[in-house]
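Below you can see the structure in the form of structure tokens.
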């Protein structure tokens, strides 16, 4: 099973949403699902991503449309035999991984997908694969745009794809 991971798309209008879908289309060709780790800014982003693959999302700190069943603060998703947490994250870059883990304390997870920093990272922390796909559109705190993949086969693995400058 292969999932496309995105976060921090910060689309403020329909034109930016279309730009995002066009950018992601080749990366979504063989995925079974898209996970969006928040900061859509407008909820139309998830509707548009559904054109590419089934999409699950969480709410980020820039998502003024509020928490709902469609945009909870966090989720736990079964990906094959693995359990994956999805959350946005908050606060300064230092300690972001710890703050992304804290809401899942006591839950058995194999991975946590998070965002907020716009900087891609893949790291094992106490047996949990921590994946921040970065942002495909907004380089505010990162040197380059990026997205990620999560693969659930015999093992759970993550990959970051760095996108060319636009």
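In our numbering, the protein residues as written are 3 to 168.
Beta carbons are placed, not taken as given, at the ideal position from N, Cα and C, and that holds for glycine.
Would you identify the three-state DSSP class for residue 157, choosing helix, strand or coil? coil
Mind checking whether residue 149 and residue 160 have CB atoms under 7 Å apart? no
What does residue 86 pair with, by DSSP beta-bridge criteria? 79 and 113
How would you label residue 70, buried or exposed, when you count the other beta carbons within 10 angstroms and need 16 or more for buried? exposed
Would you mind reading off the limits of the beta strand (DSSP E) that contains residue 31? Neither: residue 31 is in no beta strand (DSSP E) and is coded neither H nor E.
When the distance is taken between beta carbons, is residue 158 closer than 7 Å to residue 84? yes
Of the listed residues 52, 129 and 135, nearest to residue 89 (C-alpha basis): 135
For residue 34 and residue 55, believed in contact at Cβ under 8 Å, the rounded distance: 7 Å
Whether residue 46 touches residue 19 by CB criterion (7 Å): yes
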